[in-house]
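Here the structure comes first, spelled out in structure tokens, and everything after it is commentary.
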Amino acid sequence: MRFLIAMVLCVVGLAAQPAVFQPFGQGCTFQGQTPTIGNQGLPRPGQQFQVMYAGPNFTMNSAQQIAWPNLVLGLQQQLTPIPPLVQQPIGCGGLISPDVALPTPPDQNGRPMFENFVTLTVPNDPLLLGVQFFAQWVVLVDQCGFAGCDLAAILTSDAAVAQIGV
76 MRFLIAMVLC VVGLAAQPAV FQPFGQGCTF QGQTPTIGNQ GLPRPGQQFQ VMYAGPNFTM
136 NSAQQIAWPN LVLGLQQQLT PIPPLVQQPI GCGGLISPDV ALPTPPDQNG RPMFENFVTL
196 TVPNDPLLLG VQFFAQWVVL VDQCGFAGCD LAAILTSDAA VAQIGV
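Note that the numbering used here numbers the sequence shown so that position 7 is 82, with each residue one more than the last.
If you want it as structure tokens, here you go:
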């Protein structure tokens, strides 16, 4: 009987897990812009939600630069240093473990930029209730010229903790 009561309490506890998307930390500034993370919707089983990006984003600007946002997902918080690069802002670093990187495609409306979101689908599995993961935008900045393009900076946004819930 105690086992049955414990199982019921465990299931009720799992069902009560709230869906969360909470930013933390701060991004690094590049050319007067600071990358930021946001969301539309929340991580719930069987549903989609979007992780939004705001900040430097262009396929080629007048300074012959490309700023390509990539969503990085991780399973833990972790300080990740960024190597020194030609245009690297001081104090820029990763805040999460870089377990998966999801590059954004070029804008579908033909604008000279990349998409400013990634849509994530949460599997419809109640065992995922309460699972946490982390997200952060990493922007690759290339400087282009007559000899081609080279990586000039790696920018980071603030990060977010997401929890799958109801």
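Here a beta-carbon is modelled for each residue, glycine too, at the ideal position from N, C-alpha and C.
Counted within 10 angstroms of its Cβ, other Cβ atoms place residue i as buried (16 or more) or exposed
i, result
"Ile165", "exposed"
"Ala142", "buried"
"Val193", "buried"
"Leu170", "buried"
"Ala237", "buried"
"Gln97", "exposed"
"Phe221", "exposed"
Range of the contiguous beta strand (DSSP E) that encloses residue i
i, result
"Met135", "Segment: none, Met135 is in no beta strand (DSSP E) and carries neither H nor E."
"Ile171", "Gly168 to Ile171"
"Gly107", "Element bounds for Gly107: n/a, residue is neither H nor E."
"Leu146", "Gln140 to Gly149"
"Thr231", "Gly223 to Gln238"
"Leu195", "Phe192 to Thr196"
"Ala94", "Neither: Ala94 is in no beta strand (DSSP E) and is coded neither H nor E."
"Gln123", "Gln123 to Ala129"
Nearest neighbour of residue i, chosen from the options [CA to CA]
i, options, result
"Ser137", "Ala237, Asp217 and Val236", "Asp217"
"Val214", "Gly223, Leu203, Ala222 and Ala176", "Ala176"
"Pro173", "Thr155, Arg186, Pro187 and Val161", "Thr155"
"Gln122", "Leu204, Tyr128 and Asn145", "Leu204"
Which of helix, strand or coil DSSP assigns to residue i
i, result
"Leu203", "helix"
"Gly188", "The residue asked about is misnamed: residue 188 is Met in this sequence, not Gly. In the structure shown, Met188 sits in coil (DSSP, three-state: anything other than H, G, I, E or B)."
"Asp174", "coil"
"Asp217", "strand"
Test item: CB-CB of residue i and residue j under 8 Å
i, j, result
"Ser232", "Gly130", "yes"
"Val147", "Gln108", "no"
"Ile239", "Val206", "yes"
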